[in-house]
Every structure is written in C-alpha cells, then in structure tokens.
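One structure is given below, encoded as structure tokens.
Protein chains in written order, with my numbering: chain E, 3 to 298; chain F, 3 to 298.
Okay, structure coming up:
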C-alpha cells in the first residue's frame, strides 16, 4: 500500500464528512460558523480520524461506520488548537501558515468557536448510531471515553500542567504527564473508539489500547523533535518556538538523540501490540511508523 | 407545597451530587479542579436541574433518575457564565457578589475550566443510564438535544448574536433570537430531557416542550426586568449593567410595563401547556410562577 495516497484519500473522506456535518456559513450566526470552518479546514492531517478508521478496520469494522465519531474527534482536536492559540494561553499569531482564529475573527468569536466545536463534537457522537450498525450502549461507552480523555483529567488537564510548567525546570514524570494527557490521550481515545465502534472484542480492544498509548506518546515526542529540527515551511510554524517559550520537551530534557530513541522504542511497542490482530492491522503498523518519521 | 423549602431541598440534593461527581481538588491538576468548583459552587439557584427533576416527576419518573443529566446541565450553565464573564466577552469582575473566575484564577485557567466543565457535562450525560433504569437510546437522544441547544445554533449562537448586537439598535426578532437561544434553550432542554429520561410519552413530551419554550423565554424577560428594577444585594451584581453596556433587552425595546405583561403572558402559556399532565405537574406550575416573580 502506498501510504501517501492512502492518507490523501482518507483525509479527503474526512473533509467531505466534516463539510457535510458542520453547520453552514449561511446559518445564523454566520460569523461563528465561518470561524469554526476556518479552523477545521486549515489543512490538518486528519490523523486522529484516520487512526480511528484504521482501528475499526483492524477489528473487522469499516471506515464508514466510525465516520461520526472520527469527525467529532477532529472537531475536539481543532477546538483545543483554537483555545491553545488564544492570547491568554500560547498567544500564537500563526498556525499552519495562516493567521490563528482569534487573529482573524477576534478573541471572543475564537473562544465561542472553540466552545461550539466541542459541543458539536458531542452532538455528532450522539448520532454515531444513525446507521443502526452500532448499539446505543456502545456509543455511550465511546462518548464517556472521549469525554474522559478530553476533560479535566485528560487533555484540558495536560494543557493546564503544560502552562503551569512554562519557564520552569520540570521532572520527567511531569513531562510525561503533559505529553500523555495533552496530546497522547486524544490519539489513544481515537484508536479505542475505533476498536469499540468497529465491533472489536475485549482482546482486540486491549491490544489497540496498548497500541494507542504508545503511538500517542510517540507522536508528541516526534512533535517535540520537529520543533527543534523541522523545516519551517513544512511545519507552517516557527521552528524553535517551544524552546523560545521555555516549554518542557523531550529533546530539552533528554537530548535529541535519546528523544529519537525513545520515539522509536515506543513505535516498536506500538507495532508489537498489533500482533494479535494479524494482517488486518497492517495499516496501523504503517501509521505508527509514519507518526514517528513524518516531517510536518 | 412550600416552594421556598422545596427549592432549598432540591438545590441541596443537586449540590451534593455535583460535589460527588466533580473531580476533587486533590486530583491533578488541582488548580483546574479548584477553579471549576469555585464557579459551580458560587451560589447558583440550580433552576435548570430543578426544572429537569420536576419534569421527570410530571411524567411519572423520579428526581433521582435524572440526576446525572441535571448536574450536567448545571455544569453547562456554569461553563457558559465563566466564558461570558471573560475580558474578551462581557469583561465582568463580579458574579453573585464574588470575583469572577478569571479574576480569581487568571484568564487561561478560566477558559480551561469552562472547557473542562462542558466536557465533564457530556461525560456525566454518557453515564445517565448508570442506574439501568433508562434505555441507552434515550440517553443518546438527550445528549443530542442538549448539544443542539448548547451549540452553535443554540446557546453559543445566542451569545454571538448578543455580542454582535451590543450598542446597536436591533429589531424585535433579533432580540427574541438572542433570548430564546442564549438562555431559553438550555431551560427548554432541561425540561425536555427531564420528560425523556422520566419516561414521558410523546404527548407528555410535546406538552413539556411548549412549557419549556414559554418558561425559558419568560425567565430571560424577568432577568431583563430585574436588571432595571432589581435589588443589587439580592442580585449580587450591578443593577443597570445591561443598559450601561448597550445591551438589547425587553424593557429597552418594549418599555417596562409591556415587558412585564409579556413575561406574565408567557407564564400563563407555560401553565396552560401543563393541562394534559394533570396534578403531576403542579410543581412545574409553581416553578413557572416563581421564574417570573423571583427577585434574584
């Protein structure tokens, strides 16, 4: 399989569904819907939805049956970026080479666009049984897990500890808390949701939970490394911004070589976790390697 | 029935459940959980949860079986207040006589506490079938309706139009859009959720939908009137703040007398809607009268 083509096709599918489900700019209030769409269609890689679809397929499900939840995850990811960029938080002017949401629509609309994306995500999740292929009880389990990984003891908690750690010397457990909660959790949740909605059994779900945990942390370490050695044009943001801001990162704490080694080890753990799933999990294997070796 | 005592008892029940379900300040990150609890336990009347419990009882259900959803609604209401008070929005320093969340915890934590409260609300909703009394499909229907009334075409949409209208002359349909979306919708959603989770049939749900729509709008008109004639100490905020800010209100657009008449008419409509429910809806009748005649 040609991964590049696969990623392109899958992200096009996700874009199409997001466009279908996001309220149109013709609906009142147009400014809000424009602002929501501005950030959702800002050129994201759709990695979380793609992982969810691949996880569903790895347990015998389809990509289509997780589409509601996959788009919901992308909306939650987008809301978190919009709020992280706000002046009171990271105060970023650019993301993916374009002005950030609040730079374009103002701070109030950016806050509300984030709120609305988070809310619409749960509305979409509540419709995940629309095709009648999935038991409502399974959908509730997915909503619970997404909310858990996105909430105060998940992604939002990670962002708080990240902020509170800026400019401070932090220890390794704190760094790992930030990474697993702020970024890793949503990736793990995507994989678990794919396994659940795809109809996986408990053994398959356990294997994919190990996979998602390792892949999620590897993703963030790779992100840290890209911030040091990445290409500014590919990334669409300034290289070295973590260091300038006094952010705790793996390269800062462990050095670049050891950070790379750790990312590769986690990638191996992720791939090994897939053994019980056999050839159905080949796409997830490729995605794990891609997560660590991407250049943007 | 003594309404004052009833409201006191019911809000105590809600407080107890909120305290049980909200993450503790001992859990990491403590600052975030402290900030969430600060605003949740800031002396709210718990009107939305109480309406939900009364709606459940009006269709033959219990207060206890809607407790997850009732607390979720209070968390969503609280998050909306925390975000509305932010400097980029209404820039309020005080709410209910205490410094607002961002004045106490800083702007970044206030934004994140709001995000976390919204997320935890959906987590709680996903557990609404924990007592096995409610079908998972019904819970999904409730999550969908709550997200709809709270999202970009509901409460968040109302807040956007409200902000965009500040200092402008707006027409009556725009004012009614703001009121029904920004405040009315969450009250209507509370009543509908109570009817659904309480096991109401379609006729009962339709009656309570009419009730909730009228009561929700009446609540906001009463709020507008209190901002003109209310007692500062009872309200816990400045009287006349809407006018000072150039906010569109019913008294500003219709005059005080006509605004009062409209609130009373809506209250009558709400009470009449309850006819099909018989004596089981007596509490809701009292609550409708209270909504219009409260002094805080």
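Just so it is clear, CB atoms sit at the ideal spot from N, CA and C, and this is done for glycine as well.
In terms of Cα proximity to residue 49 (chain F), the closest of F:256, F:191, F:158 is F:191. The Cβ-Cβ distance between residue 117 (chain F) and residue 85 (chain E) falls below 8 angstroms. Following the DSSP letters along the chain, one finds residue 249 (chain E) in no alpha helix (DSSP H), marked with neither H nor E.
For residue 100 (chain F), DSSP records a beta bridge to F:97. Leaving aside the five residues that flank residue 164 (chain E) on each side, the residues in its chain whose CB is nearer than 6 angstroms to its CB run, in chain order, 180, 184.
CA-to-CA, the gap between residue 204 (chain F) and residue 277 (chain F) works out to about 15 angstroms. One alpha carbon belongs to residue 90 (chain F), the other to residue 31 (chain F), and they sit about 25 angstroms apart.
Taking the beta carbon of residue 33 (chain E) as reference, the chain F residues within 8 angstroms of it are 162, 166, listed in sequence order. Distance between residue 245 (chain F) and residue 168 (chain F), taken at the CA atoms: about 10 angstroms. Closest option to residue 103 (chain F), judged by alpha-carbon separation, among F:121, F:82, F:66: F:82. Contact between residue 200 (chain F) and residue 76 (chain F) does not hold, since their C-beta atoms are separated by about 18 angstroms, which reaches or exceeds 8 angstroms. The shortest CA-to-CA distance from residue 108 (chain E) to any of E:227, E:122, E:33 is the one to E:33. For residue 91 (chain F), there is no enclosing alpha helix (DSSP H), as DSSP marks it with neither H nor E. Cβ-Cβ distances below 6 angstroms link residue 215 (chain F) to 190 in the same chain, with the five nearest sequence neighbours on each side left out; the list follows chain order. A contact is defined here as three or more CB-CB pairs under 8 angstroms, and the stretch 219 to 231 of chain E meets this definition with respect to the stretch 251 to 270 of chain E.
Inter-residue distance for residue 294 (chain E) and residue 262 (chain E) is about 9 angstroms (C-alpha atoms, whole angstroms). Residues of chain F with a Cβ closer than 8 angstroms to the Cβ of residue 138 (chain E) are, in chain order, 137, 138, 139, 141, 142. Residue E:176 holds the alpha-carbon nearest to the alpha-carbon of residue 255 (chain E) among E:275, E:141, E:176, E:274.
Neighbours of residue 158 (chain E) in chain F, taken as residues whose beta carbon is under 8 angstroms from its own, are 34, 114, 117, 118, 121 in chain order. The beta-carbon of residue 150 (chain F) is placed less than 8 angstroms from the nearest beta-carbon of chain E. Cβ neighbours of residue 80 (chain F) within its own chain (closer than 6 angstroms, five residues either side excluded): 41, 42, 119. Listed in chain order, the non-local C-beta contacts of residue 67 (chain E) below 8 angstroms within the same chain comprise 58, 133, 135, 136, 199, 200, local neighbours out to five positions each way being set aside. Excluding sequence positions up to five before and after residue 206 (chain E), its CB lies within less than 8 angstroms of the CB of 60, 61, 197, 278, 279, all in the same chain and listed in chain order. Relative to the Cα of residue 174 (chain E), the nearest Cα in the group E:72, E:52, E:264, E:37 belongs to E:264. Restricting attention to F:283, F:218, F:258, F:290, the CA atom closest to the CA of residue 230 (chain F) is found in F:258.
The alpha carbon of residue 150 (chain E) has as its nearest neighbour, out of F:125, F:154, F:138, the alpha carbon of F:125.
Closer than 9 angstroms at the C-beta level to chain F, one finds these residues of the stretch 73 to 98 of chain E: 78, 81, 82, 85, 88, 89, 90, 91. Collapsing the DSSP output to three states places residue 48 (chain F) in coil.
Membership of residue 30 (chain F) in any alpha helix (DSSP H) is not indicated, and neither H nor E is assigned to it by DSSP. Chain F has a Cβ within less than 8 angstroms of the Cβ of residue 124 (chain E).
For residue 295 (chain E), the enclosing alpha helix (DSSP H) starts and ends at 284 to 295. Per the coordinates, the alpha-carbon of residue 233 (chain F) lies some 10 angstroms from the alpha-carbon of residue 242 (chain F). The DSSP assignment places 157 to 167, 174 to 181, 187 to 199 as complete runs of the alpha helix (DSSP H) inside the stretch 156 to 228 of chain F, in order along the chain (cut-off: 4 residues). Interface flag for residue 55 (chain F) against chain E is unset, since no Cβ pair is found closer than 8 angstroms. Shown here is that no member of the stretch 282 to 296 of chain F has a Cβ falling below 9 angstroms from a Cβ of chain E.
Taking each of E:14, E:47, E:131, E:27 in turn and checking the Cα distance to residue 289 (chain E), the smallest one comes out for E:47.
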